[in-house]
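**Q**
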Amino acid sequence: QEDGAVKDEL
Amino acid sequence: MNVFRLAGDVSHLVAIIILLLKIWRSRSCAGISGKSQLLFALVFTTRYLDLFTVYISAYNTIMKVVFLALSYATVYLIYMRFRNTYDSENDSFRVEFLLVPVIGLSFLEHYAFTPMEVLWTFSIFLEAVAIMPQLFMITKTGEAESITTHYLFFLGLYRALYIANWVWRYHTEGFFDQIAVVSGVVQTIFYCDFFYLYVTKVVQGRSKMSLP
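Structure, rendered in structure tokens:
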């Protein structure tokens, strides 16, 4: 679960 | 970045440009759902707020600006410039039936209860259903001009490529964004039915895709 990870996807 | 995501973003850009050029050159938005375009502009607006808070890469920033600009330009053409060609009677999907559940779900399911995270989650869920008014309009009119179907094809291709991107990222870097993946799969499923029609009808070179 990518909580808080940098959202690098458009 | 991987080839699937790059191809997906390019396919998304192609779809948006195809639609914008179609409206601009034909000076008409007949058969186009303005509601879907409004929802897509809302998706980009709520998702790309981080333009002002984080810098990820030149590519990321440029693509976000381009998507925002082109989607607002499309909405402008439909509701302002060529509004007399807007088919509001057939563009009758009740968007509140999309917005209320999406808003509710984004308050229930998110990674963090902060404005940015909830808005991002809202944009992810909204994107999954934003095409519904357009697909509804096509079923209502019973046909779609071939350029509109190309638009939908590239949108569907963008989503399919994003799924490939997530499979690739999961196996190469253990990346897994549950909200984006679940919502993305649902969104792609909505295109499957259209893909079948597209392949069986439009590829035969018929100018219009008429639904059975």
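Residue numbers (our numbering), protein chains in the order written: chain A, 1365 to 1374; chain B, 155 to 366.
Even for Gly, the Cβ is constructed at its ideal location relative to N, Cα and C.
Since the model is a prediction, treat every value here as computed from it, not as a measurement.
Classify B:E327: buried if its beta carbon has 16 or more other beta carbons within 10 angstroms, exposed otherwise.
**A** Its Cβ having fewer than 16 others within 10 Å, B:E327 is exposed.
**Q** For the stretch 259-276 of chain B, which residues have a CB atom closer than 7 Å to at least one CB atom of chain E, in sequence order?
**A** No chain E is part of this structure, whose protein chains are labelled A and B.
**Q** Between the beta-carbon of B:V197 and the beta-carbon of B:S260, is there less than 8 Å?
**A** No, the pair does not count as a contact, with Cβ atoms beyond the cut-off.
**Q** Under three-state DSSP, which class holds B:S260?
**A** Reduced to three states, the DSSP call for B:S260 is helix.
**Q** Leaving out the 5 sequence neighbours to the left and right, which residues in its chain are closer than 7 Å to B:A284 when beta-carbon positions are compared?
**A** Contacts found: S190, L193, F194 and V197.
**Q** Does the stretch 308-317 of chain B come close enough to the stretch 165-174 of chain B that 3 or more CB-CB pairs lie under 8 Å?
**A** Output reads yes: the stretch 308-317 of chain B touches the stretch 165-174 of chain B.
**Q** Counting only Cβ-Cβ distances shorter than 9 Å, please list the residues of the stretch 330-346 of chain B near chain A, keeping chain order.
**A** So the list reads F330, D331, Q332, I333 and A334, given in the order they occur along the chain.
**Q** Given that a residue counts as buried once 16 or more other Cβ atoms are within 10 Å of its Cβ, and exposed if not, what is B:P287?
**A** By the 10 Å Cβ count, B:P287 comes out buried.
**Q** Where B:I257 and B:N156 are concerned, what is the direct C-alpha to C-alpha distance, given to the nearest angstrom?
**A** About 31 Å.
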